[in-house]
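With positions in the sequence shown counted from 1, the corresponding number in my numbering is that position plus 346. Glycine included, C-beta positions come from ideal geometry on N, C-alpha and C. Model, not experiment: these values are computed from the prediction. Input: a single structure, listed below in structure tokens.
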Amino acid sequence: MVAKNEGTIMKKICVYCGKEATTRDHVPPKGFFREPFPANLKTVPACFDCNNGNSADEDYLRNVFAMSYEEGNISTEIAKDVWEQKVTRTIGKNKKFLNDISNSFKDINVFQDGKYLGKKASFKIEREKVEKAISKMIRGLYYIEYNSILDPSYEIRIFENIELSIFPQNVVNDVFSKPIKQFGEGVVRYRTTRAKEDPNFSIWVINFYNYRYMYFVCFSYAKDFLSLNKGEFGLPSVQNI
Ligand SMILES: [Zn+2]
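What follows is the structure, given as structure tokens:
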């Protein structure tokens, strides 16, 4: 985004924090893909700090889902390559990641469309890291999608698919009626919609490497939104998305 600054001088603004942008940041991060990179990979204006600030969280998010690839879907080969090229080759650096993951392995019951599919090995993800990485990605995607900056004062809240039932049905229906956008054959897939009355109020459904057991439902909201609504999800403008 370009903002007017004292007459004719145009200044780039960081899409993540609103400060002056001095770099461009890849959205989604390049590390999620194998080469050649997808042609639709975009860059957005970013300040130095935001561009370099949470790459460890982005790597964590990438590692978790590149490791969780499933056989037989289109992004399986990409996830395998990314895992092989970017994680196992830097095994020293990733030892802690692998230890943490293996220590939290357990079997969980898996259901799909109400049908019991059996047990599947699962591990606990570090929610804080994942949320930081996804929040940043959503600000980048918002800029790409809507050609404007998501107000930095708006917060982003992230839910796992299992928490979908807390959302009003009309909101769920609306976002799921939007077309799927993707980068790199399913490496990052998302749908998005936003409220007519408040364009900064946006909803996202996002998933990585086509891993169908877990996707995230995220929304951006004004800081006082939850206190005004007593923690309930029901801003009037949502009805008009
Ligand atoms: Zn910034």
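For E381, the three-state secondary structure derived from DSSP is coil. For the pair of segments examined, the stretch 535-544 was found not to touch the stretch 503-511: the number of CB pairs separated by less than 8 Å stays below three. The way I'd put it, the stretch 368-375 does touch the stretch 480-495; three or more beta-carbon pairs between them come closer than 8 Å. Annotated three-state conformation of V373 is strand, per DSSP. Residue nearest to R537 within the set D520, N455, A568, G530 is D520 (criterion: CA-CA distance).
Set against 6 Å, the gap from the CB of K365 to the closest heavy atom of ligand 1 is smaller. In the three-state reduction of the DSSP assignment, L510 falls in the helix class, which pools H, G and I.
Using a C-beta cut-off of 8 Å, the stretch 564-571 makes contact with the stretch 546-556, since at least three inter-stretch Cβ pairs fall below that distance.
The residues W429, in chain order, have a CB closer than 7 Å to that of M413 in the same chain once the five nearest residues on each side in sequence are set aside. Taking 8 Å as the upper bound for CB-CB distance, V534 and I424 are not in contact here, some 11 Å apart.
Classified as exposed, R473 has fewer than 16 neighbouring CB atoms from the shown chains inside 10 Å of its CB. Taken from the Cβ of Y489, every heavy atom of ligand 1 lies 6 Å or farther away. When the alpha-carbon of L487 is set against those of E501, E366, K527, the nearest one is in K527.
With a threshold of 6 Å, the Cβ atom of Y406 does not count as near ligand 1, since no heavy atom of the ligand is closer than that. The straight-line gap separating the alpha-carbon atoms of Y500 and W550 is approximately 14 Å. Pairing I490 with K388 gives a Cβ-Cβ distance under 7 Å.
At a Cβ-Cβ threshold of 7 Å, F443 and N409 count as neighbours.
Around K475, the same chain offers A402, D403, Y406, L407 as residues with beta carbons nearer than 8 Å, after the five sequence neighbours per side are excluded.
T369 is positioned such that its CB atom lies closer than 7 Å to that of N397.
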